[in-house]
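Student: Have a look at the structure that comes next, please.
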Amino acid sequence: MAKLKGEMWQYFWQGPKANSSQFRAVCLGCIRNQLGNTQLDDEATLNLQDDSDFQNGLVLGEKKAMIAHVLGGEKPCRFASPTAIAKANELRKKLQNNKREREVGVEVVEDTSSPQPSKKRKAVDRVETVQKKLQVFKGISIPFNDQEKKDVHTQFLRATISANLPFLWVEDPEVIKLFLMFRSSAGDVIPSREVLGGRLLSEEYERVEQELQTELKGKKVTLTCDGVKDISKNNLMGVSISSGFKPHLVDLYDATADKKDGDSMESALGTMIDNAEKRYGCTVIGLGTDNDGGTRAGRVKLGTHRPWILTFPCGAHQGHLCLADYFKVNPNAEQISERATELIGWINNHGRVRAIFNKVQNEQTKQVKSYLVANATRWTTHLVAFLRLVELKQSLRTAAVTKRDDIISAHVGAEKNTMTALALRTAAEEQIEVIESVDFWRQLAVVVEDFEPIAYVTNICQGDRARPDIVLLAFVGMYLYFKNLPPARANVSKGMMERLERRWASFNQPLMITALILNPYERLDSFGPDASANIINVNAMVTELFGKITSRPAPDDIPALLFIHWAIQELGFEKIHNDDPVIFWESMKADREVSELADFALTILQMVLNTSGNERQFLKVKIRKDRLRNRLQLTKLEHSIKIIENLREHQQNDGLKTTRIARKNHSEDRVGKLLQVPRYGEVLQETNEDAQRSTLVTNRRKWRAEMAKWKEDVQRHDEILGNDPEAGPLPLPETGRQSRSWLPRSLALLFGGSAIGTQVSDGGRPRRARRGAYSEEQLLMELLAQEKEDEILDDGALEGSGDEYDGH
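So the sequence shown is numbered by UniProt numbering: it starts at 1 and just counts up by one.
Below, the structure written as structure tokens:
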């Protein structure tokens with residue numbers, strides 16, 4: 001026997017089958033509206049079911065769905081017939097009465113032992129019992145199991161941290177309504193703010209800590225620390241560990257009450273290192289801080305008491321301070337920069353004036369670019385702001401000439417006071433004169449040109465891959481830029497060279513020079529002819545540094561044949577792997593005979609000489625502990641930062657978040673020449689392809705001098721240590737001879753000077769340059785010098801005869 005249709009079907013047309021037990025239904029009132037004839041009754045409408053427009057407006061053929069379509073919530077069907085509306089009301093009342101009768105039959109026992117329901121629970125109950133006031137449809141009613149509840153709680157915490165939301169957002173009534181629209185039982189799994197900021201935050205923090213411990217266990221890492229003031233004026237100290245060129249926050253504590261003298265900072269830095277090694281099972285081999293008084297003194301003392309830890313100042317801070325050095329040696333540049341900054345601020349602070357400039361800019365370029373403002377904590381924004389000002393030079397000057405009266409009028413505005421109006425008019429005229437000044441723009445172009453290498457060095461040094469050799473070459477490039485300024489700017493050149501030498505003196509020179517030498521793509525090629533980068537000095541420096549890090553005797557001599565094929569393979573290897581020395585030394589670890597050297601090279605080359613990771617973490621401090629959340633506890637703040645760093649890393653690895661493309665402040669052509677360091681080794685090398693590149697000897701006199709020092713060094717070694725082959729390196733002498741006290745050494749000696757190339761004859765053999773004529777006085781002085789130094793004479797030369805020179 002066929003199932004009878006419900007009473008609502010007389011107002012709906014039966015469409016195709018929706019599933020195994022139900023049909024689609026079409027409201028006859030909607031059909032009449034679709035056909036354009038609303039005067040038809042329900043029976044007459046059914047006679048038109050063959051029309052093409054008849055079947056629009058399908059709903060599920062179920063009684064509640066049809067009643068909901070006719071009556072709706074706030075929007076009932078406007079085309080339903082009066083009889084259909086009456087029947088729908090009648091059926092809805094029957095359904096409500098039946099539901100009420102079923103609920104009355106159930107005995108409800110109130111549990112007085114449970115606490116009062118929370119605000120969130122009250123909101124959920126109110127939503128469920130007063131459905132008409134919610135004005136939203138409830139989601140599907142499927143309960144959550146225990147595992148789903150746990151997963152939802154975890155995701156609530158991650159979403160809160162990732163979106164930088166306050167913990168109380170989960171108790172907002174509108175948020176609760178939103179989740180109830182997805183699932184009516186969502187109120188059972190939405191955590192309270194106490195649970196979210198308490199248990200869930202701690203559980204997620206423990207997960208991140210375990211992941212970090214696994215990643216850092218057994219690794220050689222660099223520890224950096226820096227300080228920042230939060231919104232509550234507390235001095236926070238952030239401790240970060242860099243491993244594999246990735247910085248990780250490991251500690252954040254309140255240092256407001258701590259002393260800032262050298263002894264206190266040494267103790268604090270030592271505690272940071274000990275805690276990091278104990279907690280994460282890593283080995284701290286480097287310590288970096290800024291270079292202020294107390295921190296610097298503490299870092300130096302720690303390096304003295306713990307020589308196996310290589311200490312260094314932040315390269316990015318040093319690069320930024322070069323900008324202040326530039327202003328000190330070039331007061332005119334400071335004045336021009338001040339005028340440019342004042343001009344930018346004047347345009348940005350006066351909306352009507354800016355609108356005039358923007359209109360002219362739009363007429364000329366069909367776009368409007370903003371006037372950028374330098375940020376003191378964003379170290380390269382000074383250059384970016386001035387570059388934008390120079391870019392908008394043409395439109396600014398055009399507006400200053402053609403719209404002069406309009407600009408002055410807009411600046412004065414509706415000011416009625418005569419004196420104030422006159423002052424405003426004078427201020428506007430001064431800024432217009434600056435814009436019209438040809439001399440201002442010419443000097444600003446010079447300042448921007450000088451800013452560019454400083455900003456480029458700062459950009460390089462604040463990167464996560466700021467290896468010691470990269471920081472060194474960046475500073476050398478900046479030094480050579482100012483050294484090669486035109487003679488007309490000799491004062492700026494001399495002043496900047498002196499100040500850059502001071503910056504260089506504050507660095508860990510053996511660390512950076514060793515990293516440069518261990519870079520197979522650099523080696524000794526960048527050292528100048530006066531660097532004294534010979535085998536004796538280099539061996540002593542590297543051996544001493546190796547002994548500090550490993551705390552064991554230096555390894556046996558490494559056979560030179562192990563690297564004999566590198567000169568041939570270098571181009572192919574570089575083409576595949578670029579010029580990353582880390583990849584090269586990773587490949588050399590497989591060779592047992594050089595694995596120890598490779599491990600030492602990787603230790604040096606994977607150090608990051610900056611505290612920029614701390615600076616980026618401090619940015620998260622200021623974002624998360626803001627004006628509205630200034631009472632956020634330090635522990636929760638630290639946990640939040642660690643979790644967000646972990647989440648961002650996972651999101652990038654999963655392809656859910658793209659890495660921000662680096663901003664390009666310098667043109668490609670300019671970058672190639674900006675910090676270029678000449679390779680003296682390539683200029684001085686022999687033309688024979690099989691000849692080895694070396695800066696050891698350039699003439700016979702240097703060779704004799706080096707041999708004499710070498711013999712003296714060996715003799716002294718034998719006298720002090722005997723013939724024991726296991727004896728350690730020779731201690732530094734007190735005489736200051738170059739053989740054992742090569743560093744510290746100035747940039748001018750290491751990388752300055754000019755290389756003279758070897759002239760080649762037509763036959764392909766080196767051509768010996770003609771020796772200049774010597775006067776009799778010069779010959780006598782040379783002979784006296786040779787006799788005093790006991791110089792070894794050439795074959796055939798008679799002692800004191802002067803036969804070596806013919807005077808022509």
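All residues carry an ideal CB built from backbone N, CA and C; glycine is no exception.
Buried or exposed, going by whether 16 or more other CB atoms sit within 10 Å of the CB of Ser640?
Tutor: By the 10 Å Cβ count, Ser640 comes out buried.
Student: Quick one: residues in its chain with C-beta nearer than 6 Å to the C-beta of Ser395, no 5 flanking neighbours on either side, listed in chain order?
Tutor: Cβ within range, chain order: Val360, Gln361, Gln364.
Student: Using only alpha-carbon positions, find the residue among Leu424, Thr550, Trp441 that is nearest to residue 876.
Tutor: The question about residue 876 has no answer here: the residues shown for the chain are numbered 1 through 808.
Student: Taking just the CA atoms, how far does Leu472 sit from Lys328?
Tutor: For Lys328 and Leu472, the distance between alpha carbons rounds to 23 Å.
Student: Quick check: what's the CA-CA separation for Glu258 versus Arg299?
Tutor: Reading the sequence as shown, one finds Asp at residue 258 and not Glu. Roughly 16 Å separates the two Cα atoms.
Student: Ignore the nearest five residues each way along the sequence and tell me which others in Asn145's own chain have a CB closer than 8 Å to its CB.
Tutor: Correct list: empty, nothing qualifies.
Student: Starting from Ala25 and walking both ways along the beta strand (DSSP E), at which residues does that stretch end?
Tutor: Looking at the DSSP string, the run of the beta strand (DSSP E) that includes Ala25 is 23-27.
Student: Looking at the secondary structure, which residues open and close the beta strand (DSSP E) in which Cys225 lies?
Tutor: Element bounds for Cys225: 220-229.
Student: Under the three-state reduction of DSSP, which class applies to Trp9: helix, strand or coil?
Tutor: Trp9: helix per DSSP, three-state reduction.
Student: Any idea if Arg627 is buried or exposed, counting beta-carbon neighbours within 10 angstroms, 16 or more meaning buried?
Tutor: Exposed, by the Cβ-count rule.
Student: Which residues does DSSP list as the beta-bridge partners of Arg467?
Tutor: Arg467 is not bridged to any residue.
Student: Can you tell me which of the three DSSP states His248 falls into?
Tutor: Reduced to three states, the DSSP call for His248 is strand.
Student: Mapping the DSSP letters down to three states, classify Met607 as helix, strand or coil.
Tutor: In the structure shown, Met607 sits in coil (DSSP, three-state: anything other than H, G, I, E or B).
Student: Just list the alpha helix (DSSP H) runs in the region 163-244, keeping only unbroken ones of 4 residues or longer that don't cross its boundaries, in chain order.
Tutor: Listed in chain order, they are 173-182, 201-216.
Student: Check whether the Cβ atoms of Ile176 and Ala163 lie closer than 9 Å to each other.
Tutor: Cβ distance not < 9 Å, so Ile176 and Ala163 don't count as in contact.
Student: Do the region 324-343 and the region 441-454 touch if we need at least three Cβ pairs shorter than 8 Å?
Tutor: Short answer: they touch.
Student: Between which two residues does the beta strand (DSSP E) containing Leu743 stretch?
Tutor: No beta strand (DSSP E) holds Leu743; DSSP gives it neither H nor E.
Student: CB Ala374 to CB Ala385, shorter than 9 Å?
Tutor: Yes; because the gap between Cβ atoms is below 9 Å, this pair is in contact.
Student: By the 10 Å Cβ neighbour count, where 16 or more other Cβ atoms means buried, how is Ala540 classified, buried or exposed?
Tutor: By the neighbour-count rule (16 or more Cβ atoms within 10 Å), Ala540 is buried.
Student: Using 8 Å for Cβ pairs, my map puts Leu424 next to Glu415. What's the rounded Cβ distance?
Tutor: Yes, Leu424 and Glu415 are in contact; Cβ-Cβ is about 6 Å, under 8 Å.
Student: Determine which residues share a DSSP beta bridge with Lys17 and list them.
Tutor: Answer is Phe23.
Student: Are the beta-carbon atoms of Trp742 and Asn537 separated by less than 9 Å?
Tutor: Yes.
Student: For Gln213, does the count of other Cβ atoms within 10 angstroms reach 16, so buried, or fall short, so exposed?
Tutor: Exposed, by the Cβ-count rule.
Student: Hey, out of Asn275, Leu287, Lys246, whose CA is closest to Asp252's CA?
Tutor: The question names Asp, but residue 252 in the sequence shown is Leu. Of the candidates Asn275, Leu287, Lys246, the one whose C-alpha sits nearest the C-alpha of Leu252 is Asn275.
Student: Report the option in Gly547, Pro313, Arg199, Ile356 whose CA atom is closest to the CA atom of Phe507.
Tutor: Answer by Cα proximity: Pro313.
Student: Looking at C-beta atoms only, is the number of pairs between the region 273-289 and the region 307-324 that lie closer than 8 Å three or more?
Tutor: Result yes; three or more Cβ-Cβ pairs closer than 8 Å.
Student: Among the candidates Glu638, Gln651, Leu656, Leu500, whose CA atom is the shortest distance from the CA of Ala748?
Tutor: That would be Leu500, whose Cα lies nearest to the Cα of Ala748.
Student: Any idea which residues DSSP pairs Gly288 with across the strands?
Tutor: Per DSSP, Thr224, Phe312.
Student: Look at the Cβ atom of Cys27, then the Cβ atom of Ala80, and state whether they are nearer than 9 Å.
Tutor: Yes, the Cβ-Cβ distance between Cys27 and Ala80 is below 9 Å.
Student: Please name the residue in Gly547, Gly319, Thr224 whose C-alpha comes closest to that of Ser242.
Tutor: It is Thr224 whose Cα lies nearest to the Cα of Ser242.
Student: Are Tyr326 and Ile454 touching if we call contact CB-CB under 9 Å?
Tutor: The answer is yes: Cβ separation under 9 Å.
Student: Check each candidate in His305, Asp654, Ile31, Phe475 and name the one with the smallest Cα separation from Arg78.
Tutor: Nearest option by C-alpha distance: Ile31.
Student: Taking the alpha carbon of Asp530 as the point to measure from, which residue in Ala65, Arg279, Leu750, Ser437 has its own alpha carbon closest?
Tutor: Checking every option, the nearest Cα to that of Asp530 belongs to Leu750.
Student: Contact between the region 189-206 and the region 226-237: three or more CB pairs below 8 Å?
Tutor: Too few Cβ pairs lie closer than 8 Å, so no.
Student: Cβ atoms of Met512 and Asp469: under 9 Å apart, would you say?
Tutor: Yes, the Cβ-Cβ distance between Asp469 and Met512 is below 9 Å.
Student: What's the C-alpha gap between Ala515 and Glu522?
Tutor: Computed Cα separation, rounded: 10 Å.
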